[in-house]
């Protein structure tokens, strides 16, 4: 079936790393009728505001990439905010999409939906089979609720209203538009910033917490955006044949992982930090491995394109050009 490039598409969270990349991908494919709203223009936790927006704009499709996100420190410090804000955003956007006749919606989740001790690589059927990681459980619960909300609307309104709401679960993402905050960032932006600052300060050594042996999987954000659009554009019969009504989410990963030590050395190359890197083995490691199975998505015909070394170079080049980051480095 040919694509309708004139559809009105609402990308929620277009200023975030993934949302911004999805907008770029859609425009590159020829979609022109893309609508966005900044946080100041539309507060997605406000039910009435979201209802007014959907009634006024009447989009045909929705990419729900808006979320309150952060690293371990933020998740541990603000658990109430993480569960409340994310549940409210999801509930408002998904329900108002339905009320206003949106047939297609894509919900973006997170790999943290899976149990902390799930078998590796984590496949879609690992969902709800064990306890979650305590440090980000509120965020994970919200994302699981988003998946189940999409599935529930499909089950109740799929046949009667043509509802087709899908979910994708990304692995750890990085790339242009990432958050480089010293306390709230994830591992790659935190390492990029730290080694960049060490280079500027001519620091002879950088000490990394842990043994460096845990393994993690990372996906470049433009690959995630491409996968999101790919899943959204899949013919409904193909999507339905490869998912179940109560297990309809699809993992999006790179397909392999690296040790933290390998990652740190790759970041050192990308940032041109030439000092010594050591590991403080007295500090905690975290989970030994987090690796998602992307077998289903690969079978459907999608694979990532950006290798880690090139992705890190791209991310670093983008970071050092950010005016806000540059200003924060003024001494």
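Numbering (this note's numbering), first residue to last: 22 to 352. Beta carbons: idealized from backbone N, C-alpha and C, even for Gly. Predicted, not measured: the structure shown is a model, and the values here were computed from it.
| Query | Result |
| --- | --- |
| Can you look up residue 53 in the DSSP assignment and give me helix, strand or coil? | coil |
| Per DSSP, what kind of secondary structure is residue 61 in: helix, strand or coil? | coil |
| Apply the 10 Å Cβ neighbour rule to residue 111 and answer buried if 16 or more other Cβ atoms are within range, or exposed otherwise. | buried |
| Determine the closest residue to residue 103 out of 141, 163 and 135, with distance taken between C-alpha atoms. | 163 |
| Name, in chain order, the residues that DSSP records as bridge partners for residue 265. | 268 |
| What residues in its chain sit with their C-beta under 6 angstroms from that of residue 282, if we drop five residues either side in the sequence? | 233 |
| Please classify residue 89 as buried or exposed, where buried requires at least 16 neighbouring CB atoms within 10 angstroms. | buried |
| Between residue 178 and chain B, is there a C-beta pair that is closer than 9 angstroms? | Reference to chain B is not applicable here, since this structure consists of a single protein chain. |
| Is residue 147 closer than 9 angstroms to residue 140 when the C-beta atoms are compared? | yes |
| May I ask you to report which of helix, strand or coil DSSP gives residue 82? | strand |
| By a C-beta neighbour count over all protein chains shown, 10 Å radius and 16 as the cutoff for buried, is residue 27 buried or exposed? | exposed |
| So, is residue 161 buried or exposed, given that buried needs 16 or more other C-beta atoms within 10 angstroms? | buried |
| Buried or exposed, going by whether 16 or more other CB atoms sit within 10 Å of the CB of residue 259? | exposed |
| Taking only the alpha-carbon atoms, compute the straight-line gap between residue 167 and residue 324 and give it to the nearest angstrom. | 25 angstroms |
| If residue 121 sits next to residue 75, beta carbons under 8 angstroms apart, how far is it from one beta carbon to the other, in whole angstroms? | 4 angstroms |
| Going by DSSP in three states, residue 237 sits in which element: helix, strand or coil? | strand |
| Give the DSSP-derived three-state secondary structure of residue 120 in the structure shown. | helix |
| Going by beta-carbon coordinates alone, are residue 251 and residue 279 separated by less than 9 angstroms? | no |
| Taking the alpha carbon of residue 209 as the reference point, which residue from 248, 241, 187 and 118 has its own alpha carbon closest? | 241 |
| Short check: CB of residue 55 to CB of residue 63, under 9 angstroms? | no |
| Output the residue ranges of the beta strand (DSSP E) runs that lie fully inside the region 286–324 and measure 3 residues or longer, sorted by chain position. | 297–301 |
| With distances taken Cα to Cα, identify the nearest neighbour of residue 130 among 304, 223, 194 and 198. | 194 |
| Please report the distance separating the alpha-carbon of residue 212 from that of residue 145. | 30 angstroms |
| For the beta strand (DSSP E) that residue 147 lies in, which residues bound it at each end? | Where residue 147 is concerned, there is no enclosing beta strand (DSSP E), given that its DSSP letter is neither H nor E. |
| How is the alpha helix (DSSP H) around residue 169 delimited, first residue to last? | 158–182 |
| For a test of the three-state rule: what should DSSP assign to residue 193, helix, strand or coil? | strand |
| So, residue 228 versus residue 301, is the Cβ gap smaller than 9 angstroms? | yes |
| Please tell me whether residue 253 and residue 187 are closer than 9 angstroms, where the distance is taken between their beta carbons. | yes |
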